[in-house]
Amino acid sequence: MRSLLEVGNLSVRYDKAQILNGVSLEVGAEEFVGLVGPNGAGKSTLLRAISGLVNFEARMKRGTTGNIVLEGEVRFGGERIDSLAPHEIRMKGLVLCPERRRPFRELTVLENLMAGAYLASGSTDTGTRLERAFALFPQLAARSGQIAGTLSGGEQQMLAIARALMFEAKLLCIDEPSLGLAPKIRGELFVAIARVHEAGVPVLLVEQEVGQVFRMSDRNYVLSQGKIIAHGPSAQLMADETLRASYLGL
Ligand SMILES: Nc1ncnc2c1ncn2[C@@H]1O[C@H](COP(=O)(O)OP(=O)(O)O)[C@@H](O)[C@H]1O
Ligand SMILES: [Mg+2]
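Each residue of the sequence shown is one higher than the one before, starting from 8 at the first, in the working numbering.
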């Protein structure tokens, strides 16, 4: 059986800088996959390439400043998506929750979620999706009328993920959701992400907090300087002393 997401030999160059170098990665239809690695390894670039944003940037900049080269292939549900536009990829249900994503600050929680459902793919109606989002994020249900800009950082991050779910995500890619959050809030956020996965949404999670990801994930990839240097189940990666010391910070 094919995996839900298949990334094959993906390379990204910004001018002369090789940011991703022949990356291959898969996410199965029911998996929770972690993507870890040092700062600047290329994790965000990989998620942005999968979501069509690198390709988009390359087209925008063609013939102007800088030269972006994207090579390799990305398949989603068996279908090539690497030359599609970001909105086309999202319509297929591959949804990215980018780093430092913040909700529309001046809208309420409910309005933010409804904005997430706008132009969504899939077949379930908005009411059903809203119910599901509130069931997964009870904190948000209690604050549906609150202006999003007045939510705590953790609640805003939850809202960003809930909004992605309103888009009927078939795969949720989340980039460093815990960035800038207090430890206690991080814990709550990870619990919420685990609930999303238990509810049947496959997850590809990028996180600095390696220990936390490894407790939640089925498998992981370790990215360093644009290359996958290791992959496997958490226990297997944890057992590798060199990897732990050099790349995982554990
Ligand atoms: N749009 C861009 N233009 C040029 N260089 C970029 C761009 N985005 C990222 N980079 C470079 O790519 C490298 C990897 O960045 P990034 O993917 O953000 O790493 P990570 O998310 O693992 O910290 C960094 O050296 C960064 O400066
Ligand atoms: Mg990043």
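All C-beta atoms in this analysis are idealised placements derived from N, C-alpha and C, irrespective of residue type, glycine included.
Rounded C-alpha distance that separates residue i from residue j
i: Y125; j: N119; result: 10 Å
i: L11; j: E38; result: 9 Å
i: I200; j: R66; result: 33 Å
i: G73; j: H238; result: 33 Å
i: S151; j: T115; result: 7 Å
i: L147; j: E106; result: 20 Å
i: L17; j: K234; result: 10 Å
i: R226; j: M121; result: 33 Å
i: A189; j: E205; result: 24 Å
i: P110; j: A167; result: 6 Å
Extent of the continuous alpha helix (DSSP H) run through residue i
i: G194; result: 190-205
i: A237; result: No alpha helix (DSSP H) contains A237, which is instead part of the beta strand (DSSP E) from 234-239.
i: N28; result: Premise fails: N28 lies in the beta strand (DSSP E), 24-34, not in any alpha helix (DSSP H).
i: G47; result: Where G47 is concerned, there is no enclosing alpha helix (DSSP H), given that its DSSP letter is neither H nor E.
i: R97; result: 93-98
Whole-Å CB distance - residue i paired with residue j, under 8 Å assumed
i: C1; j: L137; result: Coverage of the chain is limited to positions 8 through 257, which leaves residue 1 absent and any answer about it impossible.
i: D22; j: C104; result: Incorrect: roughly 28 Å between the Cβ atoms, too far for contact.
i: V81; j: D89; result: 4 Å
Residue i: CB within 7 Å of a non-hydrogen atom of ligand 1
i: E214; result: no
i: Y254; result: no
i: Y21; result: yes
i: G44; result: yes
i: I26; result: yes
For residue i, the first and last residue of its enclosing beta strand (DSSP E)
i: G15; result: 12-21
i: G79; result: 75-83
Contact test: residue i Cβ vs ligand 2 heavy atom, cutoff 7 Å
i: K50; result: yes
i: E183; result: yes
Below 8 Å, how does it come out for the stretch 22-36 and the stretch 156-165: are there three or more Cβ pairs, yes or no?
no
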